[in-house]
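A.B. asks:
Number of protein chains: 2
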Amino acid sequence: MRAAAAEAGLDAYVATSDESIAYLTGFRPLQLERFFGVVLRESGAAVVVPKLDEGQIAGASASLERISYEAASDGIPELVAALGGARSVGVEEDHIVLARTLALENRGVAPVPAGSILASLRARKDAAEVEQIRRACELVEVGLEQMFAELRLGDTEQAVNARVEGRLREHGATDSHPLILFGENAANPHAQPGIRKLRAGDVVCADLSARLDGYWGDLTRCATVGPAGDWARATWAVVREAQAAAIEACRAGVPARDLDAAQRRIVEAAPELGQCLHGAGHAIGLALHEPPFLVPRTETPLEVGMVFTIEPGLYQHGTGGIRLEDDVLVGPDGPQILSTLPLELVELPS
Amino acid sequence: MRAAAAEAGLDAYVATSDESIAYLTGFRPLQLERFFGVVLRESGAAVVVPKLDEGQIAGASASLERISYEAASDGIPELVAALGGARSVGVEEDHIVLARTLALENRGVAPVPAGSILASLRARKDAAEVEQIRRACELVEVGLEQMFAELRLGDTEQAVNARVEGRLREHGATDSHPLILFGENAANPHAQPGIRKLRAGDVVCADLSARLDGYWGDLTRCATVGPAGDWARATWAVVREAQAAAIEACRAGVPARDLDAAQRRIVEAAPELGQCLHGAGHAIGLALHEPPFLVPRTETPLEVGMVFTIEPGLYQHGTGGIRLEDDVLVGPDGPQILSTLPLELVELPS
Numbered sequence: 010m011r012a013a014a015a016e017a018g019l020d021a022y023v024a025t026s027d028e029s030i031a032y033l034t035g036f037r038p039l040q041l042e043r044f045f046g047v048v049l050r051e052s053g054a055a056v057v058v059p060k061l062d063e064g065q066i067a068g069a070s071a072s073l074e075r076i077s078y079e080a081a082s083d084g085i086p087e088l089v090a091a092l093g094g095a096r097s098v099g100v101e102e103d104h105i106v107l108a109r110t111l112a113l114e115n116r117g118v119a120p121v122p123a124g125s126i127l128a129s130l131r132a133r134k135d136a137a138e139v140e141q142i143r144r145a146c147e148l149v150e151v152g153l154e155q156m157f158a159e160l161r162l163g164d165t166e167q168a169v170n171a172r173v174e175g176r177l178r179e180h181g182a183t184d185s186h187p188l189i190l191f192g193e194n195a196a197n198p199h200a201q202p203g204i205r206k207l208r209a210g211d212v213v214c215a216d217l218s219a220r221l222d223g224y225w226g227d228l229t230r231c232a233t234v235g236p237a238g239d240w241a242r243a244t245w246a247v248v249r250e251a252q253a254a255a256i257e258a259c260r261a262g263v264p265a266r267d268l269d270a271a272q273r274r275i276v277e278a279a280p281e282l283g284q285c286l287h288g289a290g291h292a293i294g295l296a297l298h299e300p301p302f303l304v305p306r307t308e309t310p311l312e313v314g315m316v317f318t319i320e321p322g323l324y325q326h327g328t329g330g331i332r333l334e335d336d337v338l339v340g341p342d343g344p345q346i347l348s349t350l351p352l353e354l355v356e357l358p359s
Numbered sequence: 010m011r012a013a014a015a016e017a018g019l020d021a022y023v024a025t026s027d028e029s030i031a032y033l034t035g036f037r038p039l040q041l042e043r044f045f046g047v048v049l050r051e052s053g054a055a056v057v058v059p060k061l062d063e064g065q066i067a068g069a070s071a072s073l074e075r076i077s078y079e080a081a082s083d084g085i086p087e088l089v090a091a092l093g094g095a096r097s098v099g100v101e102e103d104h105i106v107l108a109r110t111l112a113l114e115n116r117g118v119a120p121v122p123a124g125s126i127l128a129s130l131r132a133r134k135d136a137a138e139v140e141q142i143r144r145a146c147e148l149v150e151v152g153l154e155q156m157f158a159e160l161r162l163g164d165t166e167q168a169v170n171a172r173v174e175g176r177l178r179e180h181g182a183t184d185s186h187p188l189i190l191f192g193e194n195a196a197n198p199h200a201q202p203g204i205r206k207l208r209a210g211d212v213v214c215a216d217l218s219a220r221l222d223g224y225w226g227d228l229t230r231c232a233t234v235g236p237a238g239d240w241a242r243a244t245w246a247v248v249r250e251a252q253a254a255a256i257e258a259c260r261a262g263v264p265a266r267d268l269d270a271a272q273r274r275i276v277e278a279a280p281e282l283g284q285c286l287h288g289a290g291h292a293i294g295l296a297l298h299e300p301p302f303l304v305p306r307t308e309t310p311l312e313v314g315m316v317f318t319i320e321p322g323l324y325q326h327g328t329g330g331i332r333l334e335d336d337v338l339v340g341p342d343g344p345q346i347l348s349t350l351p352l353e354l355v356e357l358p359s
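Chains as they are written, first to last, in my numbering: chain W, 10 to 359; chain S, 10 to 359.
#1: Rounded C-beta distance between Q65 of chain W and F36 of chain W? I'm assuming under 8 Å.
#2: Compare the C-beta of D62 of chain S against all C-beta atoms of chain W and say whether one is closer than 8 Å.
#3: Have a look at E257 of chain S and R176 of chain W and give me their C-alpha separation to the nearest angstrom.
#4: Can you pull the chain W neighbours of Q379 of chain S, defined as C-beta to C-beta under 9 Å?
#5: Note the first and the last residue of the continuous alpha helix (DSSP H) segment covering S129 of chain W.
#6: Can you name, in chain order, every residue of its own chain whose Cβ lies under 8 Å from the Cβ of R96 of chain W, other than the five neighbours on each side?
#7: Determine the chain W residues that contact E174 of chain S at a beta-carbon separation under 9 Å, and present them in chain order.
#8: At what residue ranges does the segment 153 to 199 of chain S contain a whole run of the beta strand (DSSP E), taking only runs of 3 or more?
#9: Would you list the residues sitting across from Q325 of chain W in a DSSP beta bridge?
#10: For the candidate residues W:A241, W:L311 and W:V139, whose alpha-carbon lies nearest to that of D336 of chain W?
#11: Just checking my contact of A91 of chain S with V149 of chain S at CB under 8 Å: how many whole Å lie between their CB atoms?
#12: With 8 Å set as the bound, which would you pick, yes or no: does the beta-carbon of F191 of chain W sit closer than that to a beta-carbon of chain S?
#13: Using DSSP with H/G/I as helix, E/B as strand and the rest coil, what is R230 of chain W?
#14: Rounding to the nearest angstrom, what Cα-Cα distance links V106 of chain S and T229 of chain S in this structure?
#15: Look at the Cβ atom of V339 of chain S, then the Cβ atom of A261 of chain S, and state whether they are nearer than 8 Å.
#16: Got a sec: which bits of the segment 108 to 136 of chain S sit with their beta carbon under 7 Å from any beta carbon on chain W, in order along the chain?
#17: Name the two residues that bound the continuous beta strand (DSSP E) containing Q284 of chain W.
#18: Let me check understanding here. Comparing Cα to Cα, which of S:R178, S:A14, S:R273 and S:G329 lies closest to A253 of chain S?
#19: Going by alpha carbons, who is nearest to E147 of chain S out of S:L354, S:I346, S:S359 and S:E356?
#20: Which runs of the beta strand (DSSP E) spanning at least 3 residues fall entirely within the segment 255 to 316 of chain W, listed in chain order?
#21: Curious, which full-length alpha helix (DSSP H) runs of at least 4 residues does the segment 52 to 93 of chain W contain?
#22: Could you check the C-alpha separation between F157 of chain W and D135 of chain S for me, to the nearest Å?
#23: Just the C-alpha distance for I85 of chain S and A108 of chain S, rounded to the nearest angstrom, thanks.
#24: Mind pulling the chain S residues with CB within less than 8 Å of D83 of chain W?
#25: List the residues of chain S that A80 of chain W touches, going by C-beta distances under 7 Å, in chain order.
#26: If you follow the beta strand (DSSP E) that R50 of chain S is in, where does it begin and where does it stop?
#27: In the DSSP assignment, what residue or residues form a beta bridge with Y224 of chain S?
#28: Quick check on the DSSP output: the beta strand (DSSP E) that includes S29 of chain W runs from which residue to which?
#29: In whole angstroms, what is the alpha-carbon distance linking G53 of chain S and A24 of chain S?
#30: Check distances from the C-beta atoms of the segment 22 to 56 of chain S to those of chain W and list, in chain order, the residues that come in under 7 Å.
#31: Please classify S7 of chain S as buried or exposed, where buried requires at least 16 other C-beta atoms within 10 Å of its C-beta.
#32: Output, in chain order, the set of chain S residues within a Cβ distance shorter than 8 Å of E102 of chain W.
#33: Can you name the residues of chain S whose CB is closer than 8 Å to the CB of Q167 of chain W?
#34: Take A112 of chain W and list the residues in its own chain whose beta-carbon comes closer than 7 Å to its own, dropping the five residues that flank it on each side.
#35: Check the C-beta distance from L207 of chain W over to F191 of chain W and give it rounded, since I have them as a contact under 8 Å.
#36: So what does DSSP say about E102 of chain W, is it helix, strand or coil?
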């Protein structure tokens with residue numbers, strides 16, 4: 010990382026996102042309003058944390074210099090001191106906020122957008138990281154199976170999401186974002202689970218994610234309450250075909266946008282079933298959503314070791330939504346799906 | 010808000026944080042990597058969202074102009090078009106990231122740090138907002154009582170935190186951050202709950218927060234497993250005294266730093282019991298942590314309608330931590346505590 014920063018003409022680098030700090034140090038901060046950062050410069054690496062959070066870095070590598078600041082400081086003077094006169098300093102421009110870049114500029118430091126240096130290192134997962142994502146996927150799969158097995162008419166979205174989240178955490182997830190939506194609510198992929206009760210004839214769209222030992226898994230499966238109607242059956246078939254096409258394209262050298270195009274061409278050919286509201290997916294790892302993003306504007310070519318969610322969907326206002334999501338590794342010989350749960354539309358008792 | 014922005018010499022204002030968007034529009038976004046913003050300019054207010062998230066703004070006020078952008082865009086061209094030629098544009102400098110301010114600059118817009126305009130409006134809660142915080146506190150209080158009632162020797166931190174979070178969500182919390190720590194782990198206020206089991210003689214430090222209908226409540230209470238030992242009893246008494254002193258200072262016109270000084274002077278006088286690791290607390294409302302922060306560098310005078318957590322603590326490495334936290338309104342006649350749960354050190358069966 011230090012070599013890459015020097016090659017880019019930077020005097021130093023400051024990583025500030027939770028995930029990059031975890032990547033560089035092995036400890037994942039609980040960040041609130043106070044400044045956290047890992048400083049990489051010629052003399053080695055240092056971590057700057059609030060005094061309140063000294064306990065968080067107790068287990069980090071001994072070679073990491075520790076710098077903590079008192080509640081009377083905002084941490085910027087200590088950060089600038091740690092930079093030791095560096096002027097051109099790489100930052101994660103998708104994480105660092107304007108208040109902090111201005112504070113650095115006021116102290117003679119020039120923040121240079123250089124998030125892609127760290128992002129491209131993080132994007133290529135090694136075997137141990139892939140294994141962690143696979144384990145997180147396993148946890149999510151058990152969560153999905155158990156949720157579908159227990160789902161009953163009259164359950165509210167709110168209660169079901171709460172139960173699943175509680176259970177994933179009891180099984181070791183340190184974070185989790187269940188998004189299980191019923192019937193017409195599933196037509197809005199980012200709806201807030203509420204007091205809507207499960208009814209006969211509903212489609213259930215269940216997107217579950219969990220972080221286990223630092224790495225995320227993220228899967229989506231769907232169900233119908235009672236036998237699937239014509240819309241659900243037809244939509245599921247189109248979405249499955251779109252997912253298969255995007256997975257097939259998930260190979261080293263292929264531009265990220267091509268995976269999006271592969272699914273988009275199929276889901277957009279069925280406007281009578283619903284709308285295409287989002288891209289093919291996103292990279293996943295220490296962050297649930299990380300670059301490269303599988304959207305029309307991403308030209309980045311895929312590399313061996315990258316892991317993506319592949320998650321096309323179709324959403325019909327007033328009816329529901331169907332999405333199918335797996336986590337897929339760009340392997341040396343092609344795509345490797347890290348999850349094993351069948352894609353089948355689950356049929357729940359009505 | 011538009012008047013305040015014009016008075017500050019701004020041509021327009023762009024709010025980007027979840028909480029400010031909720032404050033201005035009544036809808037709280039689920040923001041991921043895509044740009045969200047509310048634009049305030051002479052011609053009225055507009056919201057810029059990804060097409061994926063159109064469903065999220067369905068219920069917002071009809072007077073709000075809706076602008077959505079396709080997956081092929083990053084939202085910045087649509088934002089700049091919505092700004093209609095405004096040059097000097099106020100932004101929330103503690104939220105907007107460098108990548109976006111640079112993108113704005115590249116299109117001829119000058120982002121001006123102006124988060125305090127919106128923050129100072131948000132800081133003074135009206136009666137309905139205070140009532141919402143009170144309701145969130147009630148939910149947290151029930152969660153604390155039930156958790157202490159059910160806590161048993163051998164329970165793991167991980168399982169207890171998961172259970173509490175699941176239950177708060179089943180009762181309507183849309184977000185929650187339980188941080189219940191046992192024994193020596195409680196000496197680190199931001200420890201990650203893990204596989205540590207509850208043992209006889211432990212101190213339990215239980216910090217629970219929940220968001221209900223948009224507003225947060227945040228309380229901390231402590232317990233001992235079996236009768237409190239000398240350290241726990243003495244520490245609890247000092248922390249209670251410090252909390253009472255800070256609450257007593259929670260009055261209109263008092264600089265925020267004085268509340269910190271009021272508690273700090275008391276906890277720092279007992280170094281044999283532990284360390285003072287943080288300030289007196291923070292404002293609370295749509296965000297769990299929002300300015301003003303009750304730390305030595307905040308000179309902002311308190312105003313009627315502000316609501317703060319008041320949460321001094323003492324932390325003894327190897328032994329544990331005691332913190333007592335309530336949510337307190339700056340009332341016209343002095344402090345009003347919004348929670349009712351006794352501060353007593355709970356004695357659990359051993």
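The beta carbon of each residue, even a glycine, is placed where N, CA and C say it ideally should be.
C.D. replies: So, from the listed chains and residues:
#1: Residue numbering aside, residue 65 of chain W sits at position 56 when the first sequence is read from its first letter. Residue numbering aside, residue 36 of chain W sits at position 27 when the first sequence is read from its first letter. Indeed they touch by this definition, with Cβ atoms about 6 Å apart.
#2: In the second sequence, counting from the first residue as 1, residue 62 of chain S sits at position 53. It does: the Cβ of D62 of chain S has a partner Cβ on chain W nearer than 8 Å.
#3: For the purposes of this step, residue 257 of chain S is taken as the residue at position 248 of the second sequence. For the purposes of this step, residue 176 of chain W is taken as the residue at position 167 of the first sequence. Their backbone Cα atoms lie some 42 Å apart in a straight line.
#4: This structure does not reach residue 379 of chain S, given that chain S is present from 10 up to 359, and the question cannot be answered.
#5: Residue 129 of chain W sits at position 120 when you count from the first residue of the first sequence. Annotation: the continuous alpha helix (DSSP H) that includes S129 of chain W extends over G124 to A132.
#6: Position 87 of the first sequence holds residue 96 of chain W. For R96 of chain W, where only same-chain residues beyond five positions count, the Cβ hits under 8 Å are D20, G117, V118 and A119.
#7: Taking the first residue of the second sequence as 1, we reach residue 174 of chain S at position 165. Chain W residues near E174 of chain S: A171, E174, G175 and R178.
#8: The qualifying runs are 188 to 191.
#9: As a first step, residue 325 of chain W is located in the first sequence; it is residue number 316 there, counting from the start. Q325 of chain W is bridged to W:G329.
#10: Counted from its first residue, the first sequence places residue 336 of chain W at position 327. With distances taken between Cα atoms, D336 of chain W lies closest to W:V139.
#11: On the second sequence, residue 91 of chain S is found 82 positions in, with the first residue counted as 1. On the second sequence, residue 149 of chain S is found 140 positions in, with the first residue counted as 1. The Cβ separation is near 39 Å, so there is no contact.
#12: Here residue 191 of chain W corresponds to residue number 182 of the first sequence, with the count starting at 1. It does not; no Cβ of chain S falls within 8 Å.
#13: Numbered from 1 along the first sequence, position 221 holds the residue referred to as residue 230 of chain W. The answer is strand: DSSP assigns R230 of chain W an E or B state.
#14: Numbered from its first residue, the second sequence carries residue 106 of chain S at position 97. Numbered from its first residue, the second sequence carries residue 229 of chain S at position 220. In this structure, the alpha-carbon of V106 of chain S lies about 32 Å from that of T229 of chain S.
#15: Reading the second sequence from its first residue, position 330 is the one you call residue 339 of chain S. Reading the second sequence from its first residue, position 252 is the one you call residue 261 of chain S. It is a contact, given that the beta carbons lie within the stated cut-off.
#16: Correct list: A108, T110, L111, P120 and P122.
#17: Sequence index remark: in the first sequence, residue 284 of chain W carries index 275 (1-based). Run containing Q284 of chain W: none; DSSP gives neither H nor E here.
#18: As a first step, residue 253 of chain S is located in the second sequence; it is residue number 244 there, counting from the start. The shortest C-alpha separation from A253 of chain S is found at S:R273.
#19: Position 138 of the second sequence, counted from the start, is the residue given in the question as residue 147 of chain S. Put simply, of S:L354, S:I346, S:S359 and S:E356 the residue whose alpha carbon is nearest the alpha carbon of E147 of chain S is S:I346.
#20: Listed in chain order, the complete beta strand (DSSP E) runs (minimum 3 residues) inside the segment 255 to 316 of chain W are 290 to 292 and 299 to 303.
#21: Counting whole runs of 4 or more residues, the segment 52 to 93 of chain W contains the alpha helix (DSSP H) stretches 85 to 92.
#22: To locate residue 157 of chain W, count along the first sequence from 1; it is residue 148. To locate residue 135 of chain S, count along the second sequence from 1; it is residue 126. The C-alpha of F157 of chain W lies about 43 Å from the C-alpha of D135 of chain S.
#23: Numbered from 1 along the second sequence, position 76 holds the residue referred to as residue 85 of chain S. Numbered from 1 along the second sequence, position 99 holds the residue referred to as residue 108 of chain S. A108 of chain S has its alpha-carbon roughly 11 Å from the corresponding atom of I85 of chain S.
#24: As a position in the first sequence, residue 83 of chain W is number 74, starting the count at 1. The contacting residues are R306.
#25: Taking the first residue of the first sequence as 1, we reach residue 80 of chain W at position 71. Neighbours of A80 of chain W across chain S, judged by C-beta separation under 7 Å: H287, G288, V304 and P305.
#26: On the second sequence, position 41 is the one that residue 50 of chain S refers to. Secondary structure note for R50 of chain S: its beta strand (DSSP E) is the uninterrupted segment G46 to R50.
#27: Counting from one through the second sequence, the residue named residue 224 of chain S turns up at place 215. Answer by DSSP bridge pairing, in chain order: S:L221.
#28: Mapped onto the first sequence, residue 29 of chain W falls at position 20. Run containing S29 of chain W: none in the beta strand (DSSP E); it sits in the alpha helix (DSSP H), D27 to T34.
#29: Looking up residue 53 of chain S in the second sequence gives position 44. Looking up residue 24 of chain S in the second sequence gives position 15. Near 14 Å, if we compare the C-alpha coordinates of A24 of chain S and G53 of chain S.
#30: Using a CB distance below 7 Å, the part of the segment 22 to 56 of chain S facing chain W consists of L39, L41 and E42, ordered along the chain.
#31: Residue 7 of chain S is absent from the structure shown; chain S starts at 10 and stops at 359.
#32: For the purposes of this step, residue 102 of chain W is identified with residue 93 of the first sequence, where counting begins at 1. Within chain S, the residues near E102 of chain W are V106, L107, A108 and L111.
#33: Mapped onto the first sequence, residue 167 of chain W falls at position 158. The contacting residues are R178, E179 and G181.
#34: Reading the first sequence from its first residue, position 103 is the one you call residue 112 of chain W. Here the set comprises I85.
#35: Residue mapping note: residue 207 of chain W aligns to position 198 of the first sequence, counting from 1. Residue mapping note: residue 191 of chain W aligns to position 182 of the first sequence, counting from 1. With a Cβ gap of about 5 Å, L207 of chain W and F191 of chain W count as contacting.
#36: For the purposes of this step, residue 102 of chain W is taken as the residue at position 93 of the first sequence. Here DSSP, grouped into helix, strand and coil, assigns E102 of chain W to coil.
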